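Following the UniProt record's numbering, the numbering of the sequence shown begins with 1 at its first residue and continues without gaps.
Think of the CB as a built atom: it goes at the ideal place given N, C-alpha and C, for glycine as much as any other residue.
For clarity, every value in this text was computed on a predicted model and none was experimentally measured.
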Amino acid sequence: MRAIQITEFGGPEVLRQVELPEPVPGPGQLLVEVSSAGVNYADTHLVENSYLSKATLPLVPGAEVVGRTAGGRRVVALTDNGGYAERAVVEEYLAHDVPEGVTDGQALALVVQGLTAWHLLRTSARIAEGESVVVHAAAGGTGSLAVQLAKEFGAGRVIATASSKEKRDLALELGADVAIEADATDAAGLKERLVEANGGRKVDIVLEMTGGPVFDASLAALAPFGRLVTYGLASRVPPAPVHAAQLMGRSRAVVGFWLMHCLGRPGMYREPMAELLAMTAEGRLKPQEGGGYPLSEVARAHEDLRARRTYGKLTLDPAG
1 MRAIQITEFG
11 GPEVLRQVEL
21 PEPVPGPGQL
31 LVEVSSAGVN
41 YADTHLVENS
51 YLSKATLPLV
61 PGAEVVGRTA
71 GGRRVVALTD
81 NGGYAERAVV
91 EEYLAHDVPE
101 GVTDGQALAL
111 VVQGLTAWHL
121 LRTSARIAEG
131 ESVVVHAAAG
141 GTGSLAVQLA
151 KEFGAGRVIA
161 TASSKEKRDL
171 ALELGADVAI
181 EADATDAAGL
191 KERLVEANGG
201 RKVDIVLEMT
211 GGPVFDASLA
221 ALAPFGRLVT
231 YGLASRVPPA
241 PVHAAQLMGR
251 SRAVVGFWLM
261 HCLGRPGMYR
271 EPMAELLAMT
281 AEGRLKPQEG
291 GGYPLSEVAR
301 AHEDLRARRT
311 YGKLTLDPAG
């Protein structure tokens, strides 16, 4: 079967198309004929071995697939890598049936990024009615869903940040109350813009995946009892160290989140996934389908993602 494999760590150039034996499912597993595979920002870290868990080589990347099982079920599932291929083995408990009316791209947008957005707000930030929420990278896969879910969950004011006018306009279309430019080179200015966007008041919740100065400015913009949830390091620049006195002095919290800790825990995977799929089927949630790439052009997908040329969910077509 055709697959993308890496045999050395590095940038997009190490992603190479190869022929590999078809994977064989074991007990409790399903073989999925992949109709579409998802691309996540975390994949760019995996390829260079800078992610939270260290990888071993050789490796077929790809953490999510949608397709058909041998029994004809149309499922979307998380994978333990292996998604960038024509066929993939998945754990049955991580496979979820896709309702009619939900596209492949929408289903893929939900299984990592949708679940992440749901847990950022519900589990980590514990959003309360009327609170203000800042969503950085609001046109991205997770951000575009977080904007919508924050409104759905009762946020009083949703403040989106994005790098271009087109992306800010998209965030406004999705329900953000205001959208501002995220200038990572001006941390002090970003803090002031966040406060200004909230009517001169500091903010209650920030969903942050950039790191560096954006993290620092976001922490400075938190109101008493505010929560900053960090779930990525897209800039590849670590933020300044956070000391206990900084948190105590304003009763602020910094919370880390990694979706992998939700797997296998009761109520943290299948239930929110079912809710997200139902909301999408009903039209209440609109996952943004971004670029689709042939499997053979996966390196270009990674390049575009790293260069911030994309929005919404990126997918790979194994037939291409």
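DSSP-derived helix/strand/coil call for residue i
i, result
"ASP177", "coil"
"PHE215", "helix"
"PRO241", "coil"
"PRO224", "strand"
"TYR93", "helix"
"ALA88", "strand"
"ALA299", "helix"
"VAL14", "helix"
"GLU19", "strand"
"GLY283", "coil"
"MET268", "coil"
"GLU196", "helix"
"residue 351", "One cannot answer for residue 351 here, as it falls past the ends of the chain, which runs 1 to 320."
"THR44", "helix"
"ASP186", "coil"
"GLY71", "coil"
"ARG168", "helix"
"LYS151", "helix"
Short Cβ contact (9 Å threshold) for residue i with residue j
i, j, result
"ASP204", "ALA146", "no"
"VAL90", "VAL32", "yes"
"SER163", "GLN288", "no"
"LEU94", "ALA77", "yes"
"HIS119", "MET268", "yes"
"LEU20", "ALA37", "no"
"GLY141", "VAL98", "no"
"VAL158", "ALA182", "no"
"GLN29", "GLU92", "yes"
"LEU108", "THR315", "yes"
"GLY189", "GLY154", "no"
"LEU305", "VAL39", "yes"
"LEU52", "GLU152", "no"
"LYS167", "ALA150", "no"
"GLY290", "TYR311", "yes"
"ARG265", "PRO224", "no"
"GLY105", "ALA281", "no"
"ALA88", "PRO23", "yes"
"PHE215", "ALA240", "yes"
"ALA221", "LYS202", "yes"
Spatial neighbours of residue i in its chain, beta-carbon cut-off 6 Å, leaving aside the 5 residues before and after
i, result
"ALA253", "ARG227"
"ILE180", "THR161, ARG193, ALA197"
"VAL237", "GLY211, GLY212"
"LEU276", "LEU110, GLY114"
"ALA125", "ILE205, ARG227, VAL229"
"VAL135", "GLY143, ALA146, VAL147, ALA160, LEU207"
"HIS302", "PRO12, THR44"
"VAL242", "VAL254"
"LEU172", "ALA179"
"PRO25", "LEU31, VAL89"
Beta-bridge partners of residue i, as assigned by DSSP
i, result
"ILE6", "LEU59"
"GLU64", "LEU78"
"ALA37", "VAL65, LEU316"
"ILE127", "None, per the DSSP bridge assignment."
"GLN29", "GLU91"
"GLY256", "THR230"
"TYR293", "LEU316"
"VAL134", "ILE159, VAL206"
"GLY140", "GLY312"
8 Å CB neighbourhood of residue i in its chain, flanking five on each side removed
i, result
"VAL14", "ILE6, THR7, GLU8, VAL47"
"PRO58", "GLN5, ILE6, THR7"
"GLU234", "Residue identity check: residue 234 is Ala in the sequence provided, not Glu. Same-chain partners within the cutoff: TYR41, ALA137, MET209, THR210, GLY211."
"PHE257", "THR116, HIS119, LEU120, THR123, SER124, VAL229, THR230, TYR231"
"VAL75", "LEU30, VAL32, VAL66, GLY67, ARG68, THR69, VAL90, ALA95, HIS96, ASP97, VAL98"
"residue 321", "Here the chain comprises residues numbered 1 to 320, so residue 321 is not present and cannot be evaluated."
"ARG16", "ILE4, GLN5, ILE6, THR7"
"ALA299", "PRO12, GLU13, LEU15"
"LEU263", "LEU78, LEU94, TYR269"
"LEU259", "VAL112, LEU115, THR116, HIS119"
7 Å CB neighbourhood of residue i in its chain, flanking five on each side removed
i, result
"ARG73", "ASP97"
"GLY320", "PRO294, LEU295, SER296"
"PRO318", "ARG2, VAL34, ALA37, ALA85, GLU86, LEU295"
"ALA55", "LEU46, ASN49"
beta-carbon residue i near the ligand GTP non-hydrogen atom, thresh 8 Å
i, result
"ALA278", "The model depicted lacks the ligand GTP and carries no ligand whatsoever."
Minimum Cβ-Cβ distance from residue i to chain C less than 9 Å
i, result
"MET248", "In the structure shown, chain C does not exist; there is a single protein chain."
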